[in-house]
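Numbering (the working numbering), first residue to last: 73 to 330.
Rendered as structure tokens:
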């Protein structure tokens with residue numbers, strides 16, 4: 073991709089994928105209902121929220137290095153099936169018991185196939201990528217699953233503007249660990265303090281994107297649509313934004329409060 077050098081603050085922008093550029097919640101919802109429907113089971117929003125709670129807990133364990141991603145893919149469903157089997161609703165407990173004796177690995181793989189079809193973008197994502205691709209290099213760094221992220225990006229409208237996709241699964245370490253950030257920066261040729269000063273990460277997660285960026289010695293942009301910035305009081309975050317489009321002015325150096 074050709075980058076037209078203009079007077080801007082950053083040469084490299086590292087974007088998180090889920091809940092920053094991609095609407096992960098919509099993709100997750102669609103995939104959840106689809107994989108159960110494929111097997112003849114009807115789930116509801118209460119079931120979805122129970123699964124999300126279990127899944128998010130496991131991703132936090134992944135960030136801390138307490139579980140491997142290969143295990144996470146399946147464990148999130150076996151734990152959900154176990155919880156479902158204990159439901160006071162007999163219909164749901166029957167579903168849970170039936171699924172506990174089924175092939176959980178096959179279930180997990182089918183879910184990933186559906187998830188990979190969810191390439192919905194968040195508001196402003198396409199506009200931001202179009203605006204910045206000509207003035208700096210755009211990359212995606214994510215803790216997601218390789219086949220899912222590759223599929224989603226390939227079918228998305230932002231694909232032409234993204235120079236590289238770096239998925240933690242390929243590095244054996246997840247954000248915020250430096251075992252992920254260091255090789256990614258090396259592959260991008262960001263190998264000096266001067267180059268790091270012209271690199272910024274933008275993401276919605278304090279514990280993975282922002283914490284990882286701070287440890288890596290690059291500037292950080294916390295995307296928090298709710299505006300609940302008090303949750304990060306005291307953290308050395310370079311920028312805080314509510315609208316994704318605000319990063320355009322930041323990168324270009326048009327002025328934005330730090």
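All C-beta atoms, glycine included, are put in the ideal place defined by N, C-alpha and C.
>> Taking only three categories from DSSP, how would you classify residue 274?
In response: Within the chain shown, numbered from 1, the residue matching residue 274 stands at position 202. Looking at residue 274 - three-state DSSP - the assignment turns out to be strand.
> Quick one: what's residue 236 bridged to in DSSP?
Replying inline: Working through the chain shown from its first residue, we reach residue 236 at position 164. Answer is 211, bridged to residue 236.
>> In this structure, how does DSSP classify residue 177 when only helix, strand and coil are distinguished?
In response: Position 105 of the chain shown, counting from 1, holds the residue named residue 177. Looking at residue 177 - three-state DSSP - the assignment turns out to be helix.
> Whose C-alpha, out of 291, 180, 101 and 88, is nearest the C-alpha of residue 333?
Replying inline: Any question about residue 333 goes unanswered here, given that the chain covers just 73 to 330.
> Roughly how many angstroms lie between the CA atoms of residue 157 and residue 108, to the nearest whole one?
Replying inline: For the purposes of this step, residue 157 is identified with residue 85 of the chain shown, where counting begins at 1. For the purposes of this step, residue 108 is identified with residue 36 of the chain shown, where counting begins at 1. Distance between the alpha carbons of residue 157 and residue 108: 15 Å.
> For the region 82-120, which segments carrying the alpha helix (DSSP H) assignment without a break, of at least 4 residues, lie completely within its bounds, in sequence order?
Replying inline: 96-110
> What separation, rounded to the nearest whole angstrom, lies between the Cα atoms of residue 140 and residue 130?
Replying inline: As a working mapping, residue 140 is identified with position 68 in the chain shown. As a working mapping, residue 130 is identified with position 58 in the chain shown. Rounded to whole angstroms, residue 140 to residue 130 spans 10 Å at the Cα level.
> With burial defined as no fewer than 16 other Cβ atoms inside 10 Å of the residue's Cβ, what is the status of residue 90: buried or exposed?
Replying inline: Position 18 of the chain shown, counted from the first residue, corresponds to residue 90. Answer is buried; the Cβ neighbour count reaches 16.
> For the 8 Å Cβ check, are there 3 or more pairs between the region 186-200 and the region 255-263?
Replying inline: no
> Would DSSP call residue 230 helix, strand or coil?
Replying inline: Working through the chain shown from its first residue, we reach residue 230 at position 158. Three-state result, residue 230: coil.
> If you count every other CB in all the chains shown that lies within 10 Å of the CB of residue 85, and 16 or more means buried, which is it?
Replying inline: The residue labelled residue 85 in the question sits at position 13 within the chain shown. So residue 85 counts as buried.
> Hey, would you say residue 184 sits closer than 8 Å to residue 220, going by beta carbons?
Replying inline: Within the chain shown, residue 184 is the residue found at index 112, counting from 1. Within the chain shown, residue 220 is the residue found at index 148, counting from 1. Yes; because the gap between Cβ atoms is below 8 Å, this pair is in contact.
>> Which same chain residues end up closer than 6 Å to residue 271 when comparing Cβ atoms and leaving out the 5 residues on each side of it in sequence?
In response: For the purposes of this step, residue 271 is taken as the residue at position 199 of the chain shown. The answer, listed in chain order, is 84, 262 and 290.
> Is the beta carbon of residue 279 sitting closer than 8 Å to the one on residue 293?
Replying inline: Position 207 of the chain shown, counted from the start, is the residue given in the question as residue 279. Position 221 of the chain shown, counted from the start, is the residue given in the question as residue 293. No, the Cβ-Cβ distance between residue 279 and residue 293 is not below 8 Å.
> For residue 293, which residues does DSSP report across the bridge?
Replying inline: The count along the chain shown starts at 1 and reaches residue 293 at position 221. Answer is 274 and 311.
> Does DSSP put residue 316 in a helix, a strand or coil?
Replying inline: Looking up residue 316 in the chain shown gives position 244. In this structure, residue 316 counts as coil in the three-state DSSP scheme.
> Opposite residue 193 in the DSSP bridges: which residues?
Replying inline: Taking the first residue of the chain shown as 1, we reach residue 193 at position 121. Residue pairing by DSSP places residue 193 opposite 94 in a beta bridge.
> How many angstroms separate the CA atom of residue 225 from the CA atom of residue 186?
Replying inline: Here residue 225 refers to the residue found at position 153 of the chain shown. Here residue 186 refers to the residue found at position 114 of the chain shown. Rounded to whole angstroms, residue 225 to residue 186 spans 14 Å at the Cα level.
> Which value, in whole angstroms, describes the spacing of the CA atoms of residue 150 and residue 251?
Replying inline: In the chain shown, residue 150 corresponds to position 78, counting from 1. In the chain shown, residue 251 corresponds to position 179, counting from 1. Taking the straight line from one Cα to the other gives about 29 Å.
> Rounded to a whole number of angstroms, what is the C-alpha to C-alpha distance between residue 128 and residue 100?
Replying inline: Within the chain shown, residue 128 is the residue found at index 56, counting from 1. Within the chain shown, residue 100 is the residue found at index 28, counting from 1. When rounded, the distance between both Cα atoms is 12 Å.
> If we ignore side chains and look at the alpha-carbon of each, how far apart do residue 212 and residue 81 end up?
Replying inline: Your numbering for residue 212 matches position 140 in the chain shown. Your numbering for residue 81 matches position 9 in the chain shown. For residue 212 and residue 81, the distance between alpha carbons rounds to 19 Å.
>> Please report the distance separating the alpha-carbon of residue 242 from that of residue 305.
In response: For the purposes of this step, residue 242 is identified with residue 170 of the chain shown, where counting begins at 1. For the purposes of this step, residue 305 is identified with residue 233 of the chain shown, where counting begins at 1. Those two C-alpha atoms are separated by around 33 Å.
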